[in-house]
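Chains as they are written, first to last, in our numbering: chain A, 299 to 635; chain B, 299 to 635; chain C, 299 to 635; chain D, 299 to 635.
Think of the CB as a built atom: it goes at the ideal place given N, C-alpha and C, for glycine as much as any other residue.
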């Protein structure tokens, strides 16, 4: 940590800070420049987490040097984390495509889509049973029944299931029925939920919040990891910007940066990011080219009747075409699909 | 709702859409312009909430005409909602200042700050018992014990209490101990929590999410109101932008807009918005000048030792000065403090 | 154009608007819904460009139906525009890679980089002679002399030249010496400069502004096109968001959207967007996968000594490796390099 | 400047950096922490402006300590700059209200508005002769003739004139006819224009760019000041965010921050920021409460016929009412109007 003093800071101000640092067991090194005095803190600066040094008299700014996360970092673990989801590996050389309807609606439709996803080469089935909707008047999901439909689809296709949890009181239900528990963008900083899923070793798909920095995203993963659960898949799904042509702005630069900073697998959701089915294919291909370990894609056999996000769903035939195109991109970047 | 067709849309495309609308009991009116055909939907367009018309063949865009909320709107209720918080009115002519420490830490400190808030003219005591922190390594709050400290402070000063809930499983605890249940910015779209607090008539302080539009903010309030709880206080607390000189960008234009669109009281939190104590006073005054019904301000007797957000806390003496200055602004805009 | 009236709008209000529309030669169609009255305007709504209908009494909102641009639109011209830059085609099946130093510094260095760009398969040489720098104390470019260095590099390698203009008074100079005139992000809405370059048929590389919407970007291109210059290359180069891990957030979703809305070629600048050399390769590959027609890449033989943006420059060896990787991506999406 | 090395940086890497710094005449101080080695640079770090240290091998990050501006800073000049605009002081105890039409249209209208502005207590007349418009099909202003209308209005009312320049080739014209040359938001980083107006001592009104950080804003002012012109008025006019309820998001926190960092006067433009006339009054009052030195307000006698921005113009009667309300706010914060 670097503490910069104001030009008019007194010796007393500087001593006041160094005394406090020493009390906390940290060593300091003072540089007296022409315009500013600077203290460099030597030792584990995480000790200063709850210490508001910037309000000390004479202090101009406080800049941390170390990243605030530890367990998620590439420094802590050099090798990529590869997660075994009921036999499907996420984070290895082979890319993972998770696909399915936004919301689970009817059993037959769900089963049909699952078959199509399987046939096209998808390896995990996605589907929302509990839906976080902006409006209280929108379809809120089938709940427990939706999870049972997914389980039936898994029985028929062998595809593991990923579904979103909204309420910490549903943890047992998800531990029993889902193969991956999804934490949605709106809950990325629902810390009680993070702590809850951190207590088990069930894989967690953690989506980046709409306006979450990469730092905050990794700290939310750190919440889960620090409770003991190491099976975390990060998911970039677009951030909020001023542009209104698409629902959100897919931030693909986050992919190589997350892969550099962390050992966790990183997937991309082009469907929710763009909100438009015709942007899903180009953005899916771009995501793989940028180094993503997989994709989360909405597929629906009848988008006109989808109760949620029909606008962004691919029909099965288009999904199949996309999978063939992704195959080529995967090869071009030295991966498999 | 206005449906615009692409230039190359066929008669069949147009019929397909009008048929579906008629099935749903809606009337339509077609305008055939030089470059585009347009359908205007007559009737309650909220019926179309779960109907993705934009994926119908030939459709270029779909634009809602009506606001998606109802109960929170000024159209639905002309008069301002005034909320009685254990005798303190929020939303009336008199402004409400809620003040206190970011986090409740020690009993004596809490009691001391409460006395100072009371003495300076504050009318509600704020304090966090459960703290949503970006890092798992930051102080997470005293929990239940923190609420008890606040209750003791209430017993000694008579100030009602506002404190933040993080987990729907704590609802009973908050119903018992708090006078206002706060839903923080990170939980503005934690819909399970919104539904939970909507089931009672305990006043709720709902903070705007970091990247929430005003539309989303009002829809979150609608979640609560649609469950039956009409005692909602809206709180603007800064949005996330590119600017890094302050923690967030306080969006004061939201104040007159929220007052125009909704009948609910609107307060402003300049402390969390700016993250810097020296910006709290100018922004507090600006908030009142812009028409806010009150303020949420962090006050701490020893910011250097605060375990949370000491950077933005006012010392009691400065808070007292601010209250005197606010008095003048209040008069200038025809309000009382 | 759709005009929505407030619930309490009077017949007089509605007549007042329809009268004005009729005066302007536009036809109207009125829909009287349950909660709102709506007027649909039939005819060329661009007539209303200078008519602030939203201030008419009783009007709640005014929504345009037609895009505000015309000449740049895919509706106006179905086929892709392919631009001939001194023999190099931009916008066709073959991708265009423009590469070179951020700023032209010394003759030998410029010539050396140009040789490397040529050898690696780059087809156009980029280099800044006039540099728009955030600080007045940063290197501002060599000016006219820099253009001469580029010309000498062109003489030796045959690569056409792209360089940025800052001042309308330099137009003659650029017409004489550059093959493509670049309008930088900061000048995307410098309308006098747009009008100036619009008066000739010299190819223009127009970069998207830091916070420009796609709508504003296309309208800036429309400025140039409406003056007669049809040789416009659009360039996505990152937008400003809250994220601080990279200089800007590369918005690749803009690529397929621009290709859909307009017939103009679209290239991507991953160097300026990210500001970090190690993000250039993944983002360059992602750009091509997303459908871009080419790239603008910074290459410098000695980034440690670059006077401008050394952080984001690729060394020639890395650039060569990238070209080989791009070759594979190009094939995967049916393009050539 | 603080240079942080990666955990695996070698002694050679560290020597390589310190050698370069020593060559440049800077002293260094090395701190070897448990996880990172850090170099503190002692001396004028502005020397490093053109030195990309972050690309040196082993370097993790480079953090400047000093602000990159100098002449605009409060450190450089303690006392507020007060600018004499043809007898009207800007930046003193008395607030300055500049008001008038967005665009100058007809002589009689301009004269009428000027009389109303004068009568209501406005002290400077604003009006656009050259208009930067997003669309090439919008009204582009009367040009030179518009400036003459303003001059006639000045002759009749005595109000000094502020008007926007778009093109450096018009400098002589503006030096002759305007009392304040306005640089608009879109030209805040049109560095050639900044250099041009910096060469004279004519007062300049510099508007913050739509997505300009405060740092960039002050550096643009530094461009002007470093050329010799000290008469700069800064103007906050809203920044671009995701919110769509208003045209831009007025960033009032910028007011106290700019006043703290710089000695230059700061005014606020609530008309362009919000784009809605009914938000102008609350935001104007909030701006003064936040500490602004003045306002820039659009006034039009017939907004329905305004060729530009009629939506945000106050009618003269409303402007007069606002001036009376501002009087009270001014007193409440110890200023005069």
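How many whole angstroms separate the CB atoms of residue i and residue j, which I take to be in contact at a CB cut-off of 8 Å?
i                      : j                      : result
residue 568 of chain B : residue 582 of chain B : 5 Å
residue 460 of chain B : residue 420 of chain B : Wrong, their Cβ atoms sit about 11 Å apart, outside the cutoff.
residue 481 of chain B : residue 597 of chain B : Going by Cβ atoms, the distance from residue 481 of chain B to residue 597 of chain B rounds to 22 Å, so no, they are not a contact pair.
residue 361 of chain D : residue 511 of chain A : The pair is not a contact, with the Cβ atoms about 17 Å apart (cut-off 8 Å).
Quick one: list the residues of chain A neighbouring residue i, beta-carbon separation under 7 Å, in chain order.
i                      : result
residue 399 of chain B : Ordered by position in chain A, no residue passes the 7 Å Cβ test against residue 399 of chain B, which lies about 12 Å from the chain.
residue 444 of chain B : The contacting residues do not exist; residue 444 of chain B stays about 15 Å from chain A at best.
Step through the CB atoms of chain C and report whether any lies within less than 9 Å of the CB of residue i.
i                      : result
residue 498 of chain D : no
residue 336 of chain B : yes
residue 305 of chain B : yes
residue 506 of chain D : no
residue 308 of chain A : no
residue 391 of chain D : no
Which residues in chain B have a C-beta closer than 8 Å to the C-beta of residue i? List them in chain order.
i                      : result
residue 361 of chain C : 300, 361
residue 627 of chain D : 587, 627, 630, 631
Consider the Cβ of residue i: report whether some Cβ of chain A lies at a distance smaller than 9 Å.
i                      : result
residue 378 of chain C : no
residue 487 of chain B : yes
residue 601 of chain D : no
residue 569 of chain C : no
residue 618 of chain C : no
residue 526 of chain B : no
residue 577 of chain C : yes
Give the interface partners of residue i over in chain D, defined as CB-CB distance under 8 Å, in chain order.
i                      : result
residue 332 of chain A : 340, 341, 342
residue 517 of chain C : 432, 433, 434
Determine, using beta carbons only, whether residue i comes closer than 9 Å to chain D.
i                      : result
residue 364 of chain A : yes
residue 512 of chain B : yes
residue 329 of chain A : yes
residue 584 of chain B : yes
residue 326 of chain B : no
Less than 9 Å between CB atoms is the rule here; does residue i satisfy it with respect to chain B?
i                      : result
residue 373 of chain C : yes
residue 623 of chain D : yes
residue 611 of chain A : yes
residue 421 of chain A : no
residue 321 of chain A : no
Whose Cβ in chain B lies nearer than 9 Å to the Cβ of residue i?
i                      : result
residue 433 of chain C : Within 9 Å Cβ-Cβ: nothing; residue 433 of chain C doesn't reach chain B, min ~17 Å.
Determine the chain C residues that contact residue i at a beta-carbon separation under 7 Å, and present them in chain order.
i                      : result
residue 614 of chain B : None at all; the shortest Cβ gap to chain C is about 34 Å.
residue 580 of chain B : What residue 580 of chain B touches in chain C: nothing, since even the nearest Cβ is about 23 Å away.
Which residues in chain C sit within 8 Å of residue i, going by Cβ to Cβ distance?
i                      : result
residue 436 of chain D : 347, 348
residue 501 of chain D : The contacting residues do not exist; residue 501 of chain D stays about 19 Å from chain C at best.
Which chain B residues sit within Cβ distance under 7 Å of residue i?
i                      : result
residue 605 of chain A : 348
What residues of chain A sit near residue i, judged by a beta carbon separation below 9 Å?
i                      : result
residue 521 of chain B : 433, 434
Under 7 Å between beta-carbons, which chain D residues line up against residue i? List them in chain order, please.
i                      : result
residue 608 of chain C : 350, 353
residue 278 of chain C : The question about residue 278 of chain C has no answer here: the residues shown for chain C are numbered 299 through 635.
**Study point:** Residues from the stretch 340 to 354 of chain C in contact with chain B, defined by Cβ distance under 9 Å
**Key:** Going along the stretch 340 to 354 of chain C in chain order, one finds 340, 341, 342, 343 with a Cβ nearer than 9 Å to chain B.
Point to revise | Under 9 Å (Cβ pairs) to chain D, residues found in the stretch 530 to 560 of chain C | key: 537, 538
**Study point:** Length at least 3, wholly inside the stretch 494 to 555 of chain A: the beta strand (DSSP E) runs in chain order
**Key:** 502 to 505, 530 to 534
Review point. Taking only runs of the beta strand (DSSP E) that begin and end inside the stretch 350 to 426 of chain D, which ones reach a length of at least 3 residues, in chain order?
Key: 357 to 361, 381 to 383, 386 to 388, 394 to 398, 422 to 424
Point to revise | Any beta strand (DSSP E) of 3 or more consecutive residues that is wholly inside the stretch 444 to 476 of chain C | key: Taking only runs of at least 3 residues, the beta strand (DSSP E) segments lying wholly in the stretch 444 to 476 of chain C are 459 to 463.
Point to revise | Start-end ranges of the alpha helix (DSSP H) lying completely within the stretch 305 to 354 of chain A, minimum 4 residues | key: 309 to 321
Point to revise | Entirely enclosed beta strand (DSSP E) segments - the stretch 546 to 622 of chain A, minimum 3 residues | key: Runs of the beta strand (DSSP E) spanning 3 or more residues and lying entirely within the stretch 546 to 622 of chain A occur at 564 to 566, 592 to 596, in chain order.
Review point. Any residues in the stretch 452 to 477 of chain A with a beta carbon nearer than 7 Å to a beta carbon of chain B? Which ones, in chain order?
Key: 464, 465, 466, 467
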